[in-house]
Amino acid sequence: MNDSEKVSVTKVVDGVDAGSTEELREFVLKVGPGGGRMQRFVGRQIGESRQFTKVGIEAVRVYVSRKGKYVVHRRMSDWSDCPAAGLIKDWKNWRNVLDEQSWGDYTLDVVDTIDGLRERIPAKIYHTLVDVAEHPRTENLDI
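Following this line, the structure appears as structure tokens:
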């Protein structure tokens, strides 16, 4: 797929410091086909990326666990699986279809280092997370 056929949204939620225990919370994430199972861990979300294509949606969230491991949670949803009947009834809430829906397949991968994320997440979010990890989140300029 070429770049003109997809739209990407990427954001860094928080700093990437794996050793930080600030603002940890419990996450319970869907996994497997249709998200029929759940996996639980304690950590914090550090980044998110969504790609919208003609075929569907790929949403990737990156977390750092309390033990400093990186967690990649991915949702792949084909437009053909979209529950269109609900969409047609209530067009005011069409944004909900693009956000947290129960349709799609989910995976969860755990990696030890930020380098291990390179092949598992979109390049744009990887480069953003590496940049935030290597540089201070806020830099005070003495100017």
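Each residue of the sequence shown is one higher than the last, beginning at 236 in the working numbering.
Beta carbons are placed, not taken as given, at the ideal position from N, Cα and C, and that holds for glycine.
The Cβ neighbour count for A358, taken over all protein chains shown within 10 Å, is under 16; the residue is labelled exposed. In the pairwise beta carbon analysis, the region 346-366 is classified as not touching the region 258-276: fewer than three pairs are separated by under 8 Å.
In this structure, the straight-line span from the alpha carbon of T288 to that of R275 is close to 30 Å.
Note that the C-beta distance between R301 and V277 is below 9 Å. 9 Å or more divides the Cβ of D366 from the Cβ of R309. Here L376 carries a coil assignment [DSSP, helix/strand/coil].
Bounds of the alpha helix (DSSP H) holding T363 are 358-369.
The beta carbon of T373 sits closer than 7 Å to none of the beta carbons in its chain outside the five residues before and after it.
For S284, the enclosing beta strand (DSSP E) begins and ends at 272-288. The C-alpha of R279 is placed about 5 Å away from the C-alpha of Y298. Here L376 is exposed. Its C-beta has fewer than 16 other C-beta atoms within 10 Å.
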